[in-house]
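These notes concern the structure reproduced below.
Numbering (the UniProt record's numbering), first residue to last: 1 to 289.
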């Protein structure tokens, strides 16, 4: 089974221009042309002229570049075009040199294969670090990815929960500190010549350590971890920017709430996770290194 879509033309133009306005990328359009997967009023078509009132139907071509992984996947929200899943710690968002066939994206591909989608091509829209847990938005197919990238990425809001060491100086704040890659090629550091990075936070609970709600205004690698470490309050369990903690094998950071405008329906889609019980425990107990 392939994903199939129809769109009604409202003015004189060409097939390619009209589909581009709907969010079909140039790359996807070329693949559909090669595979003869575009029809105008039921007739096979290429990049010819179209008039108002005509109906374009197109199908998403298959691709076998992504290896499906048949492993557990916690689905929080699903519709025809989107998946919101909960990523566990220790799993990368996308395949890498050391894990070419095992990542969250591979698992999503496996999930779609089980739904009888031929050679699916999902895309991760909100990546998380390997050891960050929580909500991840995925497009089920390249058309959804294109529509999201075209106009609706700016509607996305993400909130995180983090447990940071000690007590923050104020109940809420904004950390505006540019970041760049350190000389070791692994760490990120605050640097005047780095990329703009802005993080807003609000204290939710405060004991020995502090539970904060965090909102990213930019999306730099390791942004939350580096910003709080730069204040002298690294995340509990952060091996790179703080101290390991025997109670938690990863940094205490969860992508906890995600909201965006669905470019297909115009509706708001929201998903949210509860505060992990372990996070509450980390507030009161002294670190056990």
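Don't be surprised by glycine CBs; every beta carbon is placed ideally from N, CA and C.
Pick from 59, 47, 177, 242 that is closest to residue 2, judged by C-alpha positions: To locate residue 2, count along the chain shown from 1; it is residue 2. The residue with the shortest Cα to Cα distance from residue 2 is 59.
Cβ pair count under 8 Å reaching 3, the stretch 159-174 against the stretch 103-122: In the pairwise beta carbon analysis, the stretch 159-174 is classified as not touching the stretch 103-122: fewer than three pairs are separated by under 8 Å.
Cα-Cα separation between residue 55 and residue 142, rounded to whole angstroms: Taking the first residue of the chain shown as 1, we reach residue 55 at position 55. Taking the first residue of the chain shown as 1, we reach residue 142 at position 142. Looking at the two C-alpha atoms, the distance is approximately 21 Å.
Endpoints, the beta strand (DSSP E) within which residue 5 is located: Translated into positions along the chain shown, residue 5 becomes position 5. Run containing residue 5: 4-8, per the beta strand (DSSP E) assignment.
Extent of the continuous beta strand (DSSP E) to which residue 259 belongs: By one-based count along the chain shown, residue 259 stands at place 259. Element bounds for residue 259: 253-261.
9 Å Cβ cutoff met for residue 175 and residue 240: As a position in the chain shown, residue 175 is number 175, starting the count at 1. As a position in the chain shown, residue 240 is number 240, starting the count at 1. No, they are not a contact pair.
Cβ pair count under 8 Å reaching 3, the stretch 34-45 against the stretch 178-185: Because the criterion of three Cβ pairs below 8 Å is not met, the stretch 34-45 and the stretch 178-185 do not touch.
Residue 109, enclosing alpha helix (DSSP H) - first and last residue: As a position in the chain shown, residue 109 is number 109, starting the count at 1. Segment 104-114, the alpha helix (DSSP H) holding residue 109.
Expected contact under 8 Å - CB spacing of residue 96 and residue 131 to nearest Å: On the chain shown, residue 96 is found 96 positions in, with the first residue counted as 1. On the chain shown, residue 131 is found 131 positions in, with the first residue counted as 1. At roughly 14 Å, the Cβ-Cβ gap does not stay under 8 Å, so residue 96 and residue 131 are not in contact.
Coil, strand or helix - residue 195 by DSSP: Residue 195 sits at position 195 when you count from the first residue of the chain shown. Three-state DSSP puts residue 195 in a strand.
Reference residue 236; option with closest CA among 248, 227, 226: One-based indexing of the chain shown puts residue 236 at position 236. Comparing Cα positions, the closest option is 248.
First and last residue of the uninterrupted alpha helix (DSSP H) at residue 219: Sequence index remark: in the chain shown, residue 219 carries index 219 (1-based). Here residue 219 belongs to no alpha helix (DSSP H), and DSSP marks it neither H nor E.
Assumed close pair residue 48, residue 14 - CB separation to whole angstroms, cut-off 8 Å: As a working note, residue 48 is residue 48 in the chain shown. As a working note, residue 14 is residue 14 in the chain shown. Taking the Cβ atoms as the reference, residue 48 lies roughly 7 Å from residue 14, within the contact range of under 8 Å.
Alpha carbon of residue 29 to alpha carbon of residue 21, nearest angstrom: Counting from 1 along the chain shown, the entry for residue 29 is found at position 29. Counting from 1 along the chain shown, the entry for residue 21 is found at position 21. Roughly 12 Å between the two C-alpha positions.
The stretch 261-274 contacting the stretch 66-77, beta-carbon criterion three pairs below 8 Å: yes
Residue 253 versus 260, 158, 102, 191, residue with shortest Cα-Cα distance: Reading the chain shown from its first residue, position 253 is the one you call residue 253. Checking every option, the nearest Cα to that of residue 253 belongs to 158.
Start and end residues, alpha helix (DSSP H) containing residue 250: Counting from one through the chain shown, the residue named residue 250 turns up at place 250. Unbroken run through residue 250: none, as it is neither H nor E.
Residue 139 classed as buried or exposed, judged by whether at least 16 other C-beta atoms fall within 10 angstroms: The residue you call residue 139 lines up with position 139 of the chain shown. Looking at its Cβ environment, which holds 16 or more other Cβ atoms inside 10 Å, residue 139 is buried.
Same chain, Cβ closer than 6 Å to residue 8, five either side skipped, listed in chain order: Taking the first residue of the chain shown as position 1, residue 8 is located at position 8. Its chain contains 55 as the residues whose beta carbon lies nearer than 6 Å to that of residue 8, once the 5 sequence neighbours on both sides are disregarded; these appear in chain order.
Coarse secondary structure for residue 176, derived from DSSP in three states: As a first step, residue 176 must be located in the chain shown, where it is residue number 176. If DSSP states are grouped into helix, strand and coil, residue 176 belongs with the strands.
9 Å Cβ cutoff met for residue 105 and residue 80: To locate residue 105, count along the chain shown from 1; it is residue 105. To locate residue 80, count along the chain shown from 1; it is residue 80. No, Cβ-Cβ distance for residue 105 and residue 80 is not below 9 Å.
Under 9 Å between C-beta atoms of residue 198 and residue 217: Working through the chain shown from its first residue, we reach residue 198 at position 198. Working through the chain shown from its first residue, we reach residue 217 at position 217. Closer than 9 Å, so yes.
For residue 46 and residue 242, the rounded distance between their alpha carbons: The count along the chain shown starts at 1 and reaches residue 242 at position 242. The count along the chain shown starts at 1 and reaches residue 46 at position 46. Roughly 57 Å between the two C-alpha positions.
Proximity below 9 Å, CB of residue 167 to CB of residue 284: The residue given as residue 167 occupies position 167 in the chain shown. The residue given as residue 284 occupies position 284 in the chain shown. Their beta carbons are not under 9 Å apart, which means residue 167 does not touch residue 284 by this criterion.
Rounded C-alpha distance that separates residue 287 from residue 209: Taking the chain shown and counting its residues from 1, one reaches residue 287 at position 287. Taking the chain shown and counting its residues from 1, one reaches residue 209 at position 209. Because residue 287 sits at a pLDDT of 49, beneath the cut-off of 50, its placement in the model cannot be relied upon, and the point is left open.
Where residue 129 falls, given that 16 or more other Cβ within 10 Å makes a residue buried: If you number the chain shown from 1, residue 129 lands on position 129. Label assigned to residue 129: buried.
Buried or exposed by the 16-neighbour rule on C-beta atoms within 10 Å, applied to residue 108: Taking the chain shown and counting its residues from 1, the one referred to as residue 108 is at position 108. Counting Cβ neighbours within 10 Å, residue 108 comes out buried, since at least 16 surround it.
Through-space distance from residue 53 to residue 238, alpha-carbon basis: Start at 1 with the first residue of the chain shown, and residue 238 comes out as number 238. Start at 1 with the first residue of the chain shown, and residue 53 comes out as number 53. Looking at the two C-alpha atoms, the distance is approximately 57 Å.
In DSSP terms, what residue 74 is bridged to: Position 74 of the chain shown, counted from the first residue, corresponds to residue 74. Its beta-bridge partners are 86.
Residue 136 beta carbon less than 9 Å from that of residue 126: Taking the chain shown and counting its residues from 1, one reaches residue 126 at position 126. Taking the chain shown and counting its residues from 1, one reaches residue 136 at position 136. Contact: yes.
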